[in-house]
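Okay, so here's the structure we're looking at.
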Amino acid sequence: MIVKISVRNLIEFVMRSGDIDNTFRDNARLIEGIRAHQKIQSSFGDNYKKEVSLKNSTTISDVTFNVFGRADGLIKDGSDFIIDEIKSTARDLSDIDDTNKLHRAQGMCYAYFYALDKKLSKIYITLTYVSIEDYSTKIFKKEFSIEDLHKFYMNLLENYLKFSEILAKNIEKRNESIKVLDFPYKDYRKGQRKMCLAVYKSILDSKNLFVDAPTGIGKTISTVFPSVKSMGEDLSDKIFYLTSKNTQGKEAMKAIKILREKGLFIKALNITSKEKICLNDEVKCNPIDCPFAKGHFDRVNEGLLDIISNEEIIDFDKVTSYAEKYRICPFEFELDISNYVDFIICDYNYVFDPNIYLKRFFDEISSRYIFLVDESHNLLERSREMYSFTFSKNSFTDLLEKLKGKKYKKISKIFNEIIDKFDELYNKHGKKLYYYQENLIDDFDEYFQKLIKPLQRFLVEEKNDTNYEDLLNLFFDINKYFKISDYYTKGFYSIISFDEENQTINFQIKCIDPSEVLDNKYKFARTVVFFSATLSPITYFMRILGAENSLKLRLDMPFPENNFAIFSREISTRYKDRNRNLEQISQSINEFINSKKGNYFIFFPSYAYLEEVYEDYKEKFDDEILLQDRSMSEKDIKKFLKNFDEKSAKTAFLVLGGVFSEGIDLLGEKLIGAMIISVGMPKVSSLRNLIKEHFDKLGYSGFDYSYTYPGINKVFQAAGRVIRSENDRGIIYLLDDRFTSRKYQMLYPKHWRKKEIKIVNTDSLLKEEANNFWEENIEKKTNLPS
C-alpha cells in the first residue's frame, strides 16, 4: 500500500495540539511574511539554494510512505550542509526561543531526506526567525546525526501508521470498485456517451477540454463518471468539482451518490463556507468566544480518524454532526478532511482566488489533479473579480475622522500621506473621470508598507478599541491588495477615477483579461474540463479563459427539436428607442402570455427598463405581474419560485443575468415560455470601453468581447430555463431586431441553428404560430402510448 503525504501535513497531523486562535497576534503569515522570507533568501550568496524540493520513500508494515515538501533553504558551508527553515514574526525577537517543536520538526524531516540521499553522517538545521519590522534575524543552529534524524522520522511514521493504513485500504477498495464500475444508467442519452469518451480521452492525453452541451445531456454525470474511471487507472490523485453556486455542488454530490449505489467506493467531500457551516453564535475563531476553537487540535485527529473510517459521502450534515460530537471547528475540520478524500466539491475560489485558494494543494505543482469546472461561462467574471481590488480616498478620510487621540498618531500621519497621494495622482493624470494605464501604479506601495507595521502593533495591543474592526479590515485589505499586485501581468490595468456619485477618488487594480493568471492555475491539474450549456462562441471562452490549446466538443440537444419553438420580433430595444417602443413591447408581452394559459418569464436587460415597462404595462392591462426585487435572499428566491406550479398561470418580470436566469429548474407545466427583451448587452461604461480597447489592441473584435458576447450569453442562459427535461414543451420569444441579423444568428448554439426561427412581427401572427405549436404538442402528448 502507498501513502502520499506532504511533510507539512504529516507533522501537523502527528504533532499539533491546542486551540484555534485567529485573533490578531502575529499575523506575519500574510504578505509581509512572504516578503520577509524573500528578503532573507536573497541576502545569502551563491552557497544558498532557496525553495529546495525534497522527498523520501520509506516502507513500514507493508505501507510505503511517499513524503514530499520544500525546504526554505539549503546552505553549503565548507564540507557542512545546512537545512534552513525561515519563520517570519511580528514579535520581538528577544522573546523567541527555539522550543517550537513544529518549526524544528519540519527542518528535521528535510534534513533527514537530504542526508539520507547524499549519504551524510551529520547535517545542521537552522531555524531563522526574521522580524517583519526591520528584517533582523535570530538564528538557532543545531547539529543532528543521521541516526537521530532516522529515529525521529520513524517515530513520525509510526504515529501516522494507523491512519495511513485506513487511507491505503480506502484507496485499494476504491480502485477495485472503479475497475468494475459501469455507467449508472441502462442507456446513454443522445450525446452523453460522446461526452464521457471525450472527457476520458482528454484525461488520458493530459489535455484540457471545452464542452458546449445543452441542458438535458446530463453534463454532471458525464464528467464525474469518466474522471472517476481515470482515477482507477492511476491517472490522478484527486478530483476537484468546481462550482459558482451551491445548487451545482448538490448535483455533483447527487452524481457521486448514484455511482455509489452502483458499487463505487469513494470518499467525497462538499466544502461549505465558514460563514454557513459555523456552529458558534458568531464567527469568532478563538478559544474565548468559541467553544469549538478551544482545544480543537487536541481532538481533531480523533474526529478525522472516525469520519474517514466510517463515512463516504461527507456533506454539511456529516461534517457538523462529527464536529459537534468531538467539539471541534467544522470549517477547519472539513479542510483537514479534504486532505484524505478523493473527490472535492467546492467553489471556484478554493482553486483560483489568490486570497482564498487551498494552499495545502496548490503551493506546489502536482499535475495529478483533475478540475471539473461546472457552468464555466461564470469563471470569466468571477476571476476578474478575484484579481481586482479598489481603494477609495473616502475609505481613508472617513476612518481618519474617527482616529482622535495620541495612540493613533503614527497611523493618522500615514493616513494623511495616503490621502495626499490620492490627490497627487488624480492631479498628475489630468483630473480625468477615468484614467488607466497598463503598467502598475505602485505609488501607494511604500505608504501601505509603512502602514502595515504600526497597524500590526495597534491590533496586537488595542483589542478593545472602538475602531478595532475598521482597522483590522483595512489591514486585511492592504494584504489583499499586495497579494493581487503580485499577480499583476498582461491584462491588468491600474485605474485612477473620480466617482461623481460619492465624490471620491478611486484607485483600482483591474483584471480585464485573466487568461494568463488562469493558465498558470491550470498547471496544477493533469486536465481541466470546462462545461456549460452556454459556451458560445466557444473560441471566445477558450481564449479569454486562458486555454486556447484545449480540445473542444459541441453537442446537440438530446430532446426532440419540436419540443420547443423560437419566435423573434423585430422591435428595436436600443437605448435611444426604448421609450418610443414601450407601448409596442407591452402589447407584445400581453399577446404572448395570453397565447396559452400558463407560466411565463419575461427577461429585461436592466432593472430600470423592467420598471419602465412594468409601469406602462399595468396602465394598459389587468394581468398580475410578479417582479424580481433588486436584492433577494435565498429564502426570498424559494418563496418567489413557489408561485409557479403545474396549475398556475403566473408571469414574472425578471432581469437578464440575474438569479432567475440561471440554475432554475421549473419542469413540465411550471414554465411554458420565456421572452427575452434585447440582446442583453452590458451598459456602456468606462470599464466596458477599456475591455473593448484591450482586445482591439490584441487583434480581436473588442466590441464583441466587451459587449456582444457577454450579452448573448445572458440570452442563452435565460432561454435555457424553458426546456429542462424531455417532457418539457415551450416557446422562446426573442424581442429585438438584432436577433434576426446574420451576426447574431452565427452565435446561436448548435440546436438553435438547426431550427427555423419564426418571425412574428404582428400580434396576429404570434397568436397563429403559438396556436400551431401548442396544437402540435397537445396532439403528440395525446398520441403517446399508454
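Under our numbering, think of the first position of the sequence shown as 177, with each following residue one higher. Using N, Cα and C, we set each Cβ at its ideal position, and we do this for glycine too. Computed from a predicted structure; not experimentally measured.
(message) Please report the straight-line C-alpha distance between Tyr669 and Asn738, rounded to a whole angstrom.
(response) For Tyr669 and Asn738, the distance between alpha carbons rounds to 48 Å.
(message) Would you say Pro630 lies against chain D (beta-carbon separation less than 8 Å)?
(response) Among the protein chains of the structure shown there is no chain D, as only one such chain exists.
(message) With H, G and I counted as helix, E and B as strand and the rest as coil, what does DSSP make of Leu511?
(response) For Leu511, the three-state secondary structure derived from DSSP is helix.
(request) Can you tell me which of Asn477, Asp253, Ile546 and His279 puts its alpha carbon nearest to the alpha carbon of Lys377? (result) Selected option, being the one with the closest Cα: Ile546.
(message) Are the CB atoms of Ile671 and Tyr612 within a distance shorter than 8 Å?
(response) Annotated as proximal: Tyr612 and Ile671, with beta-carbon spacing under 8 Å.
(request) For the stretch 381-388 and the stretch 702-716, state whether three or more C-beta atom pairs, one from each stretch, are separated by less than 8 Å. (result) Flag = yes, the stretch 381-388 and the stretch 702-716 touch.
(message) Applying the 10 Å Cβ sphere with the 16-neighbour rule, what's the burial state of Tyr224?
(response) Its Cβ being crowded by 16 or more others within 10 Å, Tyr224 is buried.
(message) Taking the beta carbon of Met330 as the centre, do at least 16 other beta carbons fall within 10 Å, making it buried, or is it exposed?
(response) Result: exposed.
(message) Closest to Leu548 by C-alpha separation, out of Leu601, Phe507, Gln424 and Leu923, would be which residue?
(response) Minimum Cα distance to Leu548 is reached at Gln424.
(message) Rounded to the nearest angstrom, what separates Leu635 and Leu455 at their Cα positions?
(response) Between the C-alpha atoms of Leu635 and Leu455 there is a straight-line separation of about 26 Å.
(request) Write down the C-beta distance between Glu478 and Tyr498 rounded to the nearest angstrom, noting that I regard them as a contact closer than 8 Å. (result) Actually they do not touch by this definition, with Cβ atoms about 10 Å apart.
(message) Less than 8 Å between the beta carbons of Ser837 and Ala784, yes or no?
(response) Cβ distance not < 8 Å, so Ser837 and Ala784 don't count as in contact.
(request) Name the one or two DSSP bridge partners that Ala828 has. (result) When DSSP reads this structure, Ala828 sits in a beta bridge with Phe777 and Leu802.
(request) Identify which residue in Phe871, Gly394, Phe651 and Glu348 has its Cα closest to the Cα of Tyr361. (result) Scanning Phe871, Gly394, Phe651 and Glu348 for the CA closest to the CA of Tyr361 turns up Gly394.
(request) Check whether the Cβ atoms of Leu556 and Leu721 lie closer than 8 Å to each other. (result) For Leu556 and Leu721, yes; Cβs fall inside 8 Å.
(request) Could I get the ranges of all uninterrupted alpha helix (DSSP H) runs contained in the stretch 346-393, with 4 residues as the minimum, in chain order? (result) As far as the stretch 346-393 is concerned, its whole alpha helix (DSSP H) runs of at least 4 residues are 368-380.
(request) Tell me whether Ser661 sits in a helix, a strand or coil according to DSSP, three-state version. (result) Under the three-state reduction of DSSP output, Ser661 falls in the helix class.
(message) Is it buried or exposed, Arg147, if we count other Cβ atoms within 10 angstroms and call 16 or more buried?
(response) With the chain represented from 177 up to 962, any question about residue 147 goes unanswered, as that position is not in the structure.
(request) Grab me the residues of Leu803's own chain with a C-beta within less than 6 Å of its C-beta, minus the 5 sequence neighbours each way, in chain order. (result) Within the same chain, and ignoring the five residues on either side of Leu803 in sequence, the residues whose Cβ sits closer than 6 Å to its Cβ are Phe829.
(request) List the residues that DSSP assigns as beta-bridge partners of Leu579. (result) In the DSSP output, where bridge partners are listed per residue, Leu579 has none listed.
(request) Select from Thr827, Arg914 and Leu727 the residue whose C-alpha is nearest the C-alpha of Met371. (result) Minimum Cα distance to Met371 is reached at Leu727.
(message) In the DSSP assignment, the alpha helix (DSSP H) including Glu557 goes from what residue to what residue?
(response) Run containing Glu557: Leu555 to Met562, per the alpha helix (DSSP H) assignment.
(request) Pick helix, strand or coil for Ala709, following the three-state DSSP scheme. (result) It is coil, neither helix nor strand.
(request) Please work out which residues of its chain come closer than 7 Å, Cβ to Cβ, to Arg205, disregarding the five sequence neighbours upstream and downstream, and give them in chain order. (result) Confidence is the limiting factor: at Arg205 the pLDDT is only 45, short of 50, which leaves the residue's position unreliable, though a coordinate-based value still follows. Hits under 7 Å: none found.
(message) In whole angstroms, give me the CA-to-CA distance for Lys686 and Glu409.
(response) Between the C-alpha atoms of Lys686 and Glu409 there is a straight-line separation of about 42 Å.
(request) Would you identify the three-state DSSP class for Glu227, choosing helix, strand or coil? (result) The DSSP-derived three-state label of Glu227 is strand.
(request) Run through the stretch 456-530 for me and flag every whole alpha helix (DSSP H) of 4 or more residues, listed as ranges in chain order. (result) List check, alpha helix (DSSP H) in window: 472-486, 492-502, 506-514 and 525-528.
(request) Apply the 10 Å Cβ neighbour rule to Phe652 and answer buried if 16 or more other Cβ atoms are within range, or exposed otherwise. (result) Per the 10 Å Cβ criterion, exposed.
(message) Looking at the strands, I want to know which residues DSSP matches up with Ala741.
(response) Answer by DSSP bridge pairing, in chain order: Ile907.
(message) Within a Cβ cutoff of 7 Å, which residues of the same chain sit near Asp271, ignoring the five residues on either side of it in sequence?
(response) Around Asp271: no qualifying Cβ.
(request) Go through the stretch 289-325 residue by residue and report every complete run of the beta strand (DSSP E) that reaches 3 residues or more, in order. (result) Listed in chain order, they are 298-307 and 313-321.
(request) Would you kindly work out how many angstroms separate the C-alpha atoms of Ser312 and Thr265, rounded to a whole number? (result) If you take the alpha carbons of Ser312 and Thr265, they lie about 10 Å apart.
(request) Can you give me the start and stop residues for the alpha helix (DSSP H) that Gln760 sits inside? (result) Boundaries of the alpha helix (DSSP H) around Gln760: Leu758 to Ile769.
(message) Along the chain, where does the alpha helix (DSSP H) containing Ile617 start, and where does it finish?
(response) Counting along the chain, Ile617 falls outside any alpha helix (DSSP H), and DSSP gives it neither H nor E.
(message) For Glu968 and Leu648, I'd like the C-alpha separation in whole angstroms.
(response) Here the chain covers residues 177 to 962 and nothing more, so residue 968 does not appear.
(message) Cutting at 8 Å between CB atoms, please list the residues of its own chain near Ile236, excluding the five before and the five after it.
(response) Around Ile236: Met330, Leu333, Glu334 and Leu337.
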